[in-house]
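Numbering (the working numbering), first residue to last: 635 to 1019.
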Ligand code: THG
């Protein structure tokens, strides 16, 4: 892999110098906050009203570690909405645009949660534990939605946000680190498989999941008072494998085509426009919110597609864009681009965009109105690799 790309970039905080983010009780901190500060976190974002580390100061080294070794990430911001009680399955099914009839305890599934107009409200991993479900959420307020729907439908359920905080261990050596902590049996856990366990006195759920395609696990900490203890245990077990701190990696996720809800989607995007069509069941007897609209979209085709872009020239920054940028065809706007990065693996500039379907199908060359100026581009299916 060519790692000669620039490694340190100033984050685009403002155009007029450095502006600090001021804390307040409304912005929550994770159980791993102190540990990440000790280990040198340099940049946070806000996600689900909580601070989320996005870099420890060297994006190039963080990408290299994820691709070649093992990295540990505080992803407590992936809050859970827990549904339990006699109607838990019925409630979770009604909220998910996917047939969950055959879902077993110990399984996870990637689901689209939609509103009555088929708009994508969130794209969680749904975990089925022995006595409850967890929607492991992207960045939107689903506790309000789930409680409202459960009450309106009269489901006999309890809905809460439990004290549960995921710590991700990702990369080709992640499995070795997890096996050294929990034993060889973890190697048999299937993709999105989850196991309720303990690490000495630390209560956990282990799941083979994570927002990268380099493999790995998420440790769902079930006691926020033990954040430091878990962080240190993972760090110690990872030492022989060269573990280091990181964050969901912007370059890797673009190459892998992993969706960032709210970043890549707009408030009116449906799951077909977010490349989630393969996770939506329209020919199923089960009912769920938005089904009729989604059946129609599946039949007629979505207005827009979420696609990869191959761009001429450089990437404006290694950091996420500060806003979506317009994409035109012969001067007419045909979509927006939500991410653009330089990929060392592909040795070129790539991006993610939501583009009118008919334009994508025509295969015409497009113009991206990036901070660097107008850049030529063509669309390509996701993932890139
Ligand atoms: N872990 C947990 N919760 C999460 C995320 C996570 N909540 C928010 C966000 N991430 C949800 N988004 C995604 C998007 C894609 C995937 C995981 C979470 C993913 N997709 C694979 C793919 O697209 O190839 C596999 C999907 C499949 O085969 O079912 O992994 O990361 N706890």
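All C-beta atoms in this analysis are idealised placements derived from N, C-alpha and C, irrespective of residue type, glycine included.
In this text, all values refer to a predicted model and were calculated from it rather than measured experimentally.
- Remark: three or more beta-carbon pairs, one from each stretch, lie closer than 8 Å, so the segment 712 to 723 and the segment 790 to 798 are flagged as touching.
- Contiguous alpha helix (DSSP H) elements confined to the segment 646 to 706 occur at 667 to 672 and 693 to 702, taking only those with 4 or more residues.
- Beta bridge pairing from DSSP links residue 1012 with 944.
- About 7 Å separates the beta carbon of residue 816 from that of residue 833, a gap short enough to meet the 8 Å contact definition.
- In this structure, the C-beta of residue 716 stays at least 7 Å away from each heavy atom of the ligand THG.
- Counted as a single uninterrupted DSSP element, the beta strand (DSSP E) harbouring residue 744 occupies residues 742 to 744.
- Residue 914 carries a coil assignment under DSSP once its states are collapsed to helix, strand and coil.
- The beta-carbon distance between residue 676 and residue 920, rounded to whole angstroms, is 46 Å. This is too long to meet the 8 Å contact definition.
- Rounded to whole angstroms, the gap between the alpha carbons of residue 923 and residue 866 is 42 Å.
- Shortest Cα-Cα distance from residue 990 to any of 973, 1007, 711 and 967 involves 967.
- Note on geometry: alpha-carbon atoms of residue 946 and residue 860 lie some 48 Å from one another.
- With a cutoff of 8 Å on beta-carbon distance, residue 915 and residue 908 are scored as not near each other.
- Taking a C-beta distance under 8 Å as the contact criterion, residue 703 and residue 690 do not qualify as a contact pair.
- When secondary structure is reduced to three states using DSSP, residue 990 falls in the strand class.
- Within the same chain, 693, 697, 952, 975, 976, 977 and 978 come within 8 Å of residue 885 by CB-CB distance, once the 5 residues on both sides are set aside.
- Looking at 995, 740 and 998, the one whose alpha-carbon comes closest to that of residue 828 is 740.
- Given a length threshold of 3 residues, each whole run of the beta strand (DSSP E) inside the segment 751 to 811 is given here in chain order: 754 to 756, 759 to 762, 767 to 770, 792 to 794 and 799 to 804.
- Relative to the Cα of residue 663, the nearest Cα in the group 680, 765 and 992 belongs to 680.
- Between residue 905 and residue 751, the C-beta spacing is not below 8 Å.
- With a contact defined as Cβ atoms closer than 8 Å, residue 844 and residue 852 qualify at about 5 Å.
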